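Scroll down for the structure; my scribbles are underneath it.
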Amino acid sequence: MAAITDTGVASTAPARAKPSGVTQRVTKIVLALVLPVLLIVAWQMGGRDGAIFGGALPTPDRVWKAWMLWAFGNPGFGLNPYAGTWMANVVASAQRVAAGFALAIVIGVPLGILIGWSKTVSALVDPSIQWLRPVPITAWLPISIAIFGISGLGAIFLITIGAFYPIVINTTQGARDVERNWIRAALMMGASRFDILLRVVLPAALPSIFTGLRLGLGIGWTAVIVSEMVAVKSGLGYVLWDAYYVGRMDVVIADMVSIGLLGYLSDRLIVALEFAALRWRRMQSFNQ
Amino acid sequence: MGTIAFSNVSKTYGGTGGVQALSDVDFHIGEGEFVALLGPSGCGKSTLLNIVAGFEMASGGDVRFDGGGVTKPGPDRGVVFQEASLLPWLNVWDNVVFGPKVQGLPKDVYEPRARRILDIVGLSQFTEALPVQLSGGMRQRVGIARALVMEPRALLMDEPFGALDAQTRLSMQELLLDVWQKLKTTVLFVTHDIDEAILLADRVCVMKARPGRITRDIPITLPRPRSIDTLTDPAFTGFKAEIMAEMRGAHHHH
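Here you go:
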C-alpha cells in the first residue's frame, strides 16, 4: 500500500525553484519585443523626409499616422477609403476566416477520424486527397470566381480548401496512432463502434488534431488575403491591393501588420484551447 | 456462470507455414475457479487469454464461455491489461464508469457500485486524479476496478502485476486475494512468476513454447484464505519445486 499511504498523487510541481510567474512573463515579453523594436528603429533612422529606399517605402512614423487615420479617422462622406474603415475590413476578413476554418474542421476532423480508423475509407478517399493536395490554393481562384463570382463566398471556399488538408492529414495520423489496448479496453467494456470513435479515437487523436488546426488556420489567413486581393471587394486583402494601386504604401504596410496581428491572435486562441483540452497530455510530457 | 472451455484449440499467425502460437489446447475452468497460466514469454499464454477475451480468434478448435461461442469482446469478461491501459484523458472516476456509461446503465445503478469498488481497491480519495498522476500500482487498481464495476462473470488478467516493483506486487496480490474471496468470480490469470501463480490460484497450468501448449495442470491444494504468509508455508515450497521441475523439462509424472 506504499503508493497510497506515502505521497498519494504524484506531485507535478517542479523540484527546482523558479523565478516568480510575473517576472518570467515580463522577461518573455521584453525579449519578444527586442527584434521588432530594433527593426523599426533602423527603418526610421535609415529614412529621410519620411521615406526610405529612394522614396519607395514610407518610414514607420508615416505608417503609424496612416494606420491611426485608417482605424479612428472620420469617414466623412466616404471619399477617403482609408479613414475610419479599418475595423469593418478586419471584421470582414476575420469572419471569412472563421467561417472557412469552421467548415474545414467540420469536414476535416470527422473525415480524418474515419480515414484513420477504416482501411476501406482510407483506400477510397485518401488517394484523391493526396492528388488534390499539391494544387495550390491560388490555382483554385478561377474555379472559385466561376462558381461564386466576386463575393465573400469565394474567399470562404478557398479558406476551407486550404485549411482542410492539414486538418484532415493530421487527424488521420492521430487516429491511426491510437494505442491498440485503449481500443481493446473500450471493446471489453461494451463500447459500440460509434462510442469508440467518439470517446477513444477522437480524444486520443486530439494532440494531432490541434497541430492540424494551427497549420490550417495559418493557411486560412493566406487564403483570405489572396482571394480578397483578386475576387472580393472588401477585407484586408482587398485594401492591400487597392492601396498599392493608388500608391498608398503606408496603408499597405499598416495592412500587413494588421494581418500579422490577427493571425497571431487567432493562433494564440487555438493554443489556449489546446492548453485547456490537453491537460492530460501536458502532464505526460517531459517539458511541462 | 463464468465457465471457460477450450477443445483442441490452435492458433497460427501468418497463415500456413506461419508461427504456431497454440497447439491442441484442451482445458476447462469451472465456475468461480482461479486458474493461473504460467510459462515463459512466447509460450502463447497471452494469446490464450486474448482468445477468451474475444480480441483474437482461434485458428482451429472450439472456445466456449458459459457454453456459448466466443466471437467478440464484451463486459461479461472483464480484462485487466499488463500496463493497465487506462484512458489517459479520463480521471479515475470516469475511467471506472466508462463501461456502465457506454452500456447505457442508469446512473443510480452504477454510481453506488463504482463507489463501493473504488473503496474496496482503496482509491476513494483519488477519483479526480488523472492516470498520469498515479503510481503503477494505483493505476492497476483502477484497471481492476474498471473491470469489476461491470460485474463480469470472468476476470481475465494478463500479467497485471508484471510491471510493478516487488513490494507493490505483494500488496496487489493480497488485494486480489481479498477481492476474489469476496466475489468468487472466475479468474484466468496469466503470469510468468511461479510464486504469484501458486499464491493466487486453485490450479496452475504450466505452458511451454514452440508450439504453445499446456504441459501440466497442477491443483494447488493450499488452504484458503491465503495471504503473504502462505509464501513461507512448507507445502508452498513443495508446489514450487514440482512446478520448477516441470518448467525445466524434467518429466516425472506421478
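First to last, the sequence lines map onto chains A and B.
Mind the numbering: the first sequence is residues 1 to 288 in the working numbering, read in order.
Mind the numbering: the second sequence is residues 289 to 542 in the working numbering, read in order.
The beta carbon of each residue, even a glycine, is placed where N, CA and C say it ideally should be.
Since we're looking at a predicted model, the values are computed, not measured.
Query raised in the report: Would the beta-carbon of M438 of chain B fall within 9 Å of that of P388 of chain B?
Result: Yes, they are a contact pair.
**Report entry** Cβ separation of G112 of chain A and I196 of chain A, assumed to be a contact under 8 Å, to the nearest whole Å
**Finding:** Not really, about 16 Å apart at Cβ, beyond 8 Å.
Requested in this report: Compare the C-beta of F315 of chain B against all C-beta atoms of chain A and say whether one is closer than 9 Å.
Outcome: No, F315 of chain B does not count as interfacial toward chain A.
Query - Three or more C-beta pairs below 8 Å linking the region 366-383 of chain B and the region 319-326 of chain B - result: The answer is no - the region 319-326 of chain B does not touch the region 366-383 of chain B, with fewer than three Cβ pairs under 8 Å.
Report task. Please compile the residues from chain B whose C-beta is within a distance smaller than 8 Å of the C-beta of D177 of chain A. Result -> Residues of chain B with a Cβ closer than 8 Å to the Cβ of D177 of chain A do not exist, since the nearest Cβ in that chain sits about 13 Å away.
Query raised in the report: In this structure, does DSSP put G8 of chain A in helix, strand or coil?
Result: Confidence at G8 of chain A is low in this model, with a pLDDT of 46, below 50, so the placement of that residue is unreliable and no value is reported for it.
Requested in this report: Would you kindly work out how many angstroms separate the C-alpha atoms of I531 of chain B and L422 of chain B, rounded to a whole number?
Outcome: Rounded to whole angstroms, I531 of chain B and L422 of chain B show a C-alpha spacing of 35 Å.
Query raised in the report: What does a CB cutoff of less than 8 Å around Q461 of chain B pick up in its chain, not counting 5 residues either side in sequence?
Result: Cβ neighbours of Q461 of chain B beyond the five flanking positions: F449, E484, L487, L488 and I516.
Query raised in the report: Quick one: does M345 of chain B have its CB under 9 Å from some CB of chain A?
Result: M345 of chain B does not count as touching chain A.
Report task. Just mark S11 of chain A as buried or exposed, buried being the case when its beta carbon has 16 or more other beta carbons within 10 Å. Result -> Residue placement at S11 of chain A is poorly supported in this model, since its pLDDT is 48, which falls under 50; the coordinates are not used for a value here.
Requested in this report: Following the continuous beta strand (DSSP E) through S311 of chain B, name the residue where it begins and the one where it ends.
Outcome: That run of the beta strand (DSSP E) goes V307 to I317.
**Report entry** Alpha-carbon spacing of P110 of chain A relative to G116 of chain A, whole angstroms
**Finding:** Those two C-alpha atoms are separated by around 10 Å.
Requested in this report: Could you round the C-beta distance between D312 of chain B and S298 of chain B to whole angstroms and report it? I think they count as a contact, below 8 Å.
Outcome: About 6 Å separates the two Cβ atoms, so the contact holds.
Query raised in the report: Between the region 253-265 of chain A and the region 59-76 of chain A, do at least 3 Cβ pairs fall closer than 8 Å?
Result: Flag = yes, the region 253-265 of chain A and the region 59-76 of chain A touch.
Report task. Determine the contact status of G237 of chain A and A155 of chain A, defining contact as a CB-CB distance below 9 Å. Result -> Contact flag set, yes.
Query raised in the report: Less than 9 Å separating the beta-carbons of R429 of chain B and G366 of chain B?
Result: In this structure, G366 of chain B does not lie closer than 9 Å to R429 of chain B by Cβ.
Query raised in the report: Terminal residues of the continuous alpha helix (DSSP H) containing G100 of chain A?
Result: G100 of chain A: member of the alpha helix (DSSP H) spanning W86 to W117, first to last residue.
Query raised in the report: Taking the alpha-carbon positions, what's the S347 of chain B to P363 of chain B distance?
Result: Roughly 24 Å separates the two Cα atoms.
Query raised in the report: What number of angstroms, rounded off, separates the C-alpha of S151 of chain A from the C-alpha of K233 of chain A?
Result: For the pair S151 of chain A and K233 of chain A, the Cα-to-Cα distance works out to about 7 Å.
Report task. Return yes when the Cβ of P328 of chain B is within less than 9 Å of the Cβ of A497 of chain B, no when it is not. Result -> Remark: C-beta atoms of A497 of chain B and P328 of chain B approach each other more closely than 9 Å.
Report task. Compare the C-alpha of W280 of chain A against each of B:D481, B:E416, B:P361 and B:V340 and name the closest. Result -> It is B:E416.
**Report entry** Proximity test, Cβ basis, 9 Å: N170 of chain A and chain B
**Finding:** Not one beta carbon of chain B lies nearer than 9 Å to the beta carbon of N170 of chain A.
Requested in this report: Sort out for me which residues DSSP pairs V551 of chain B with in a bridge.
Outcome: Lying before the first or after the last residue shown, residue 551 of chain B is absent from chain B, which here runs from 289 to 542.
Query raised in the report: Out of curiosity, what's the CA-to-CA distance linking F53 of chain A and L262 of chain A?
Result: Their backbone Cα atoms lie some 28 Å apart in a straight line.
Query raised in the report: With which residues is Y244 of chain A paired in a DSSP beta bridge?
Result: When beta bridges are read from the DSSP output, Y244 of chain A appears opposite no residue.
Query raised in the report: For K551 of chain B, which of helix, strand or coil comes out of DSSP?
Result: With chain B covering 289 to 542 only, the question about residue 551 of chain B has no answer from this structure.
Requested in this report: Note down, one range per segment and in chain order, each alpha helix (DSSP H) of at least 4 residues found wholly within the region 153-207 of chain A.
Outcome: Runs of the alpha helix (DSSP H) lying entirely within the region 153-207 of chain A, each at least 4 residues long, are 180-188 and 193-196 in chain order.
Query - Inter-residue spacing [alpha-carbon to alpha-carbon] between S334 of chain B and M426 of chain B - result: Distance between the alpha carbons of S334 of chain B and M426 of chain B is about 23 Å.
**Report entry** the region 506-521 of chain B in contact with the region 351-360 of chain B per 3-pair CB rule at 8 Å
**Finding:** Of all C-beta pairs linking the region 506-521 of chain B to the region 351-360 of chain B, fewer than three are shorter than 8 Å, placing the two stretches out of contact.
Query - Any C-beta of chain B under 9 Å from that of A3 of chain A - result: Its pLDDT being 39, under 50, A3 of chain A is placed unreliably by the model, and the measurement read from it follows with that caveat. Output row for A3 of chain A: interface = yes.
Report task. Select from the region 326-353 of chain B all residues with a C-beta closer than 7 Å to any C-beta belonging to chain A, and list them in chain order. Result -> Within the region 326-353 of chain B, the residues whose Cβ lies closer than 7 Å to some Cβ of chain A are A341 and F343, listed in chain order.
Requested in this report: Determine whether the Cβ of F294 of chain B lies closer than 9 Å to any Cβ atom of chain A.
Outcome: Interface criterion not met: the Cβ of F294 of chain B is under 9 Å from no Cβ in chain A.
Report task. For G190 of chain A, decide whether its Cβ has a neighbour in chain B, counting only Cβ atoms nearer than 9 Å. Result -> Output row for G190 of chain A: interface = yes.
Query raised in the report: Do the CB positions of N181 of chain A and E534 of chain B come within less than 9 Å of each other?
Result: With contacts defined as CB atoms closer than 9 Å, N181 of chain A and E534 of chain B fail to qualify as a contacting pair.
Query raised in the report: When DSSP labels each residue in this structure, what does L57 of chain A get in the three-state scheme?
Result: Note: L57 of chain A maps to strand in three-state DSSP.
Query raised in the report: Using the beta-carbon of each residue, which ones in chain A are nearer than 8 Å to V323 of chain B?
Result: The premise fails here: V323 of chain B is roughly 19 Å from chain A at the closest Cβ pair, so nothing lies under 8 Å.
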